[in-house]
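The opening residue of the sequence shown carries number 1 in the UniProt record's numbering; numbering runs sequentially from there.
To start, the structure itself, in structure tokens.
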Amino acid sequence: MAPLSPELLSLDKTKQQQQQQQQQQTPTSLASRIPTVDGKKRLPQNIAHRGFRAKFPENSVEAFRGALASGAVALETDVHLSKDKVVVLSHDPTLKRCFGRPDKIADCDWSLLETLRTTKDPHVPMARLTDLLSFLSEPGREHVWVLLDIKRDDDAEELVTRMAETILATPGDWSKRIVLGCWQANYMRHAQDKLPGFPIAYIGFSLAYAYELLKYDCVGYFNLLQGILVGPRGRRFIREAHAKGRGILVWTVNSEEWMDWSIHNGVEGVITDDPPKFADVRKRWERDEKDGEDGDEDGAVPASELTPLRRTAGKAPPTAHPPNTKTLSGFFLRRWAKLYAIVGLLRMLEQVFTNVMRVRNGWESKVVRAALDRP
């Protein structure tokens with residue numbers, strides 16, 4: 001953070017702390033933490049979805065280790081609370097899919113959960129948030145950051161409070177290495193209160209909700225279902241978010257075609273189950289850029305400059321997406337038809353979800369204002 005100005009130094013201690021917290025929560029302050037390299041464009045960061053879950057049990061320390069070894073520079077994981085309020089890493093609220101038991105995590109104490117092993121080889125234990133922080137504290141991982149997907153199955157204030165206790169009890173400047181992913185504005189309110197200065201990301205698949213949150217500086221990143229950004233409306237949102245200094249992440253991107261799309265449209269991070277595949281796609285783009293710019297290296301980012309996220313600067317190479325029709329065989333035409341059919345289905349589901357939520361909770365503006373507008 002930049003040194004305080006003489007005017008700020010003259011403020012009383014309480015006002016000074018409030019000003020620092022407000023600065024930390026703005027996109028400008030977030031961007032100031034992230035180094036640049038001569039203003040060159042960077043390819044989207046390789047973010048491992050629940051670790052390297054295509055090969056290892058998801059959300060396990062082994063999956064995180066495997067992800068970093070295979071090309072990921074950041075991790076995405078999910079948090080829940082056990083019955084005795086231990087923050088554990090699990091996407092599902094139950095143990096059925098990953099551990100073969102019907103119990104809910106919220107009904108089990110950690111003393112039971114720690115004895116369980118995954119049904120998937122190599123049959124590893126459940127991880128806690130404190131285990132992940134210890135893993136990230138090991139030498140050589142100083143520049144790895146993590147997106148915490150705060151699930152909505154637990155009480156919002158209780159979960160964020162326990163997360164804050166765990167994070168603040170672990171040595172390290174975690175506000176530069178943890179992004180708090182929230183599906184709803186009320187979780188963002190608690191995140192601001194319990195972990196001031198930590199960057200916040202909206203996770204979701206509603207552009208209507210995302211547009212409303214774009215009005216609030218506390219939301220530094222938008223982690224969106226990739227399919228809802230396909231088409232003019234999605235590309236317009238990317239442009240408007242970038243114009244306001246916000247970063248765009250997309251999930252869950254496992255096909256090479258949509259990895260290319262993500263790079264071409266200038267997002268900041270790609271969340272994938274297959275980090276090695278995206279690492280290969282990045283290398284291909286780096287080679288193409290190098291060949292196209294007569295040896296001017298661009299796109300590759302030193303590991304020391306990957307934390308936590310930065311806005312992509314510059315333009316992507318003029319690669320058509322989808323590729324020009326004249327270059328496509330029948331196989332590729334069918335492939336693209338299938339991909340865009342999936343996108344169409346996702347957009348229909350988004351509209352249904354948006355309308356249902358409006359009936360239940362009111363319009364997005366009402367919900368967001370109620371949670372984030374301070375009295």
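Even for Gly, the Cβ is constructed at its ideal location relative to N, Cα and C.
Problem - Nearest-angstrom Cα separation, counted from A370 out to H143 - result: By 1-based counting over the sequence shown, the position of residue 143 is 143. By 1-based counting over the sequence shown, the position of residue 370 is 370. Each residue's Cα considered, the two are about 36 Å apart.
Practice task
Could you work out which residue in Y202, T161, I248, H123 is closest to K55 when comparing CA atoms only?
Solution key: Numbered from 1 along the sequence shown, position 55 holds the residue referred to as residue 55. If we check each option's Cα against that of K55, H123 comes out closest.
Practice task
Report the rounded CA-to-CA distance for S82 versus I150, giving the unit in angstroms.
Solution key: Counted from its first residue, the sequence shown places residue 82 at position 82. Counted from its first residue, the sequence shown places residue 150 at position 150. Cα-Cα distance, rounded: 14 Å.
Exercise for the section: Let me know if T28 comes out buried or exposed under the rule of 16 or more other beta-carbons within 10 Å of its beta-carbon. Expected result: The sequence position of residue 28 within the sequence shown is 28, counting from 1. The predicted position of T28 is uncertain, since its pLDDT is 30 and thus under 50; a value taken from the coordinates is nonetheless stated next. When all chains shown are included, T28 counts as exposed.
Handout entry: E257 to D109 span [Cα, whole Å]
Key = Locating residue 257 in the sequence shown gives position 257, where the first residue counts as 1. Locating residue 109 in the sequence shown gives position 109, where the first residue counts as 1. About 43 Å.
Problem - For D84 and F135, the rounded distance between their alpha carbons - result: Start at 1 with the first residue of the sequence shown, and residue 135 comes out as number 135. Start at 1 with the first residue of the sequence shown, and residue 84 comes out as number 84. For F135 and D84, the distance between alpha carbons rounds to 23 Å.
Practice task
Return helix, strand or coil for F222, following the three-state DSSP convention.
Solution key: Here residue 222 refers to the residue found at position 222 of the sequence shown. Correct three-state label for F222: strand.
Practice task
Give the straight-line distance between the Cα atoms of D274 and V281, rounded to the nearest whole angstrom.
Solution key: What you label residue 274 is simply residue 274 of the sequence shown in a count that begins at 1. What you label residue 281 is simply residue 281 of the sequence shown in a count that begins at 1. Distance between the alpha carbons of D274 and V281: 11 Å.
Problem - Close beta carbons around K96, own chain, < 6 Å, minus the five adjacent residues each side - result: Taking the sequence shown and counting its residues from 1, the one referred to as residue 96 is at position 96. P102.
Handout entry: Spatial distance of P171 from E76 (CA atoms)
Key = The residue given as residue 171 occupies position 171 in the sequence shown. The residue given as residue 76 occupies position 76 in the sequence shown. In this structure, the alpha-carbon of P171 lies about 21 Å from that of E76.
Practice task
Just the C-alpha distance for D173 and A337, rounded to the nearest angstrom, thanks.
Solution key: Within the sequence shown, residue 173 is the residue found at index 173, counting from 1. Within the sequence shown, residue 337 is the residue found at index 337, counting from 1. Rounded to the nearest angstrom, the two C-alpha atoms are 46 Å apart.
Exercise for the section: Find out if the Cβ-Cβ distance for the pair I228, N265 is shorter than 7 Å. Expected result: Position 228 of the sequence shown, counted from the first residue, corresponds to residue 228. Position 265 of the sequence shown, counted from the first residue, corresponds to residue 265. Cβ distance not < 7 Å, so I228 and N265 don't count as in contact.
Problem - Local Cβ density within 10 Å of S60, reported as buried at 16 or more and exposed below that - result: Along the sequence shown, read from residue 1 onward, the residue named residue 60 stands at position 60. Label assigned to S60: buried.
Handout entry: Cβ neighbours of D38 in the same chain (closer than 8 Å, five flanking residues each side left out)
Key = Counting from 1 along the sequence shown, the entry for residue 38 is found at position 38. With a pLDDT of 33 at D38, under the threshold of 50, the modelled position of this residue cannot be trusted; read the value that follows with caution. For D38, where only same-chain residues beyond five positions count, there are no Cβ hits under 8 Å.
Exercise for the section: Determine the extent of the alpha helix (DSSP H) in which V160 is found, giving its start and end residues. Expected result: For this step, residue 160 is matched to residue 160 along the sequence shown. In the DSSP assignment, V160 falls within the alpha helix (DSSP H) that extends over 156-168.
Practice task
For D298, name the three-state secondary structure that DSSP assigns.
Solution key: In the sequence shown, residue 298 corresponds to position 298, counting from 1. Here the model assigns D298 a pLDDT of 44, short of 50, so the residue's position is not dependable, and the following value carries that caveat. Reduced to three states, the DSSP call for D298 is coil.
Exercise for the section: Please say whether L180 and F198 have beta carbons closer to each other than 7 Å? Expected result: Translated into positions along the sequence shown, residue 198 becomes position 198. Translated into positions along the sequence shown, residue 180 becomes position 180. Contact: yes.
Practice task
Within the same chain, show all residues whose beta-carbon is closer than 6 Å to that of K194, passing over the 5 residues directly before and after it, in chain order.
Solution key: Mapped onto the sequence shown, residue 194 falls at position 194. Cβ contact annotation for K194 (same chain, cutoff 6 Å, sequence separation greater than five): V160, T161, A164, in chain order.
Exercise for the section: Could you check which residue in F99, C218, T252, A208 has the C-alpha nearest to that of R233? Expected result: For the purposes of this step, residue 233 is taken as residue 233 along the sequence shown, with counting starting at 1. Among F99, C218, T252, A208, the Cα nearest to that of R233 belongs to A208.
Exercise for the section: Could you check the C-alpha separation between E240 and K290 for me, to the nearest Å? Expected result: Residue 240 sits at position 240 when you count from the first residue of the sequence shown. Residue 290 sits at position 290 when you count from the first residue of the sequence shown. The C-alpha of K290 is placed about 29 Å away from the C-alpha of E240.
Exercise for the section: Use the C-beta contact count for D260: other C-beta atoms within 10 angstroms, 16 or more gives buried, fewer gives exposed. Expected result: One-based indexing of the sequence shown puts residue 260 at position 260. Buried.
Handout entry: C-beta atoms of Q184 and C218 nearer than 7 Å
Key = Taking the first residue of the sequence shown as position 1, residue 184 is located at position 184. Taking the first residue of the sequence shown as position 1, residue 218 is located at position 218. No, the pair does not count as a contact, with Cβ atoms beyond the cut-off.
Exercise for the section: Taking only the alpha-carbon atoms, compute the straight-line gap between residue 379 and V87 and give it to the nearest angstrom. Expected result: Outside the shown range of the chain, which is 1 to 375, sits residue 379, and nothing can be said about it.
Problem - Cβ-based burial, E297 [other Cβ within 10 Å; buried from 16] - result: The sequence position of residue 297 within the sequence shown is 297, counting from 1. Note on E297: pLDDT 44, under 50, position unreliable in the model; no value is reported.
Handout entry: Whether S269 touches I47 by CB criterion (7 Å)
Key = On the sequence shown, position 269 is the one that residue 269 refers to. On the sequence shown, position 47 is the one that residue 47 refers to. It should be noted that the sequence gives Gly, not Ser, for residue 269. A contact, by the Cβ cut-off of 7 Å.
Problem - For L133, three-class secondary structure by DSSP - result: Reading the sequence shown from its first residue, position 133 is the one you call residue 133. In the three-state DSSP reduction, L133 falls in the helix class (H, G or I).
Handout entry: Straight-line Cα distance separating E286 from L43
Key = Within the sequence shown, residue 43 is the residue found at index 43, counting from 1. Within the sequence shown, residue 286 is the residue found at index 286, counting from 1. Rounded to whole angstroms, L43 to E286 spans 8 Å at the Cα level.
Handout entry: Backbone CA spacing between G231 and E138 [nearest angstrom]
Key = Locating residue 231 in the sequence shown gives position 231, counting from the first residue. Locating residue 138 in the sequence shown gives position 138, counting from the first residue. Approximately 42 Å between the Cα atoms of the pair.
Practice task
Would you mind working out which of V367, L147, G71 sits nearest P276, comparing C-alpha positions?
Solution key: Locating residue 276 in the sequence shown gives position 276, counting from the first residue. Residue G71 is the option with its Cα nearest to P276.
Handout entry: Boundaries of the alpha helix (DSSP H) in which E364 is found, first to last residue
Key = One-based indexing of the sequence shown puts residue 364 at position 364. Note, E364: alpha helix (DSSP H), 364-372.
Handout entry: Residue closest to F99, alpha-carbon to alpha-carbon, out of P57, G66, G140, M348
Key = By one-based count along the sequence shown, residue 99 stands at place 99. Selected option, being the one with the closest Cα: P57.
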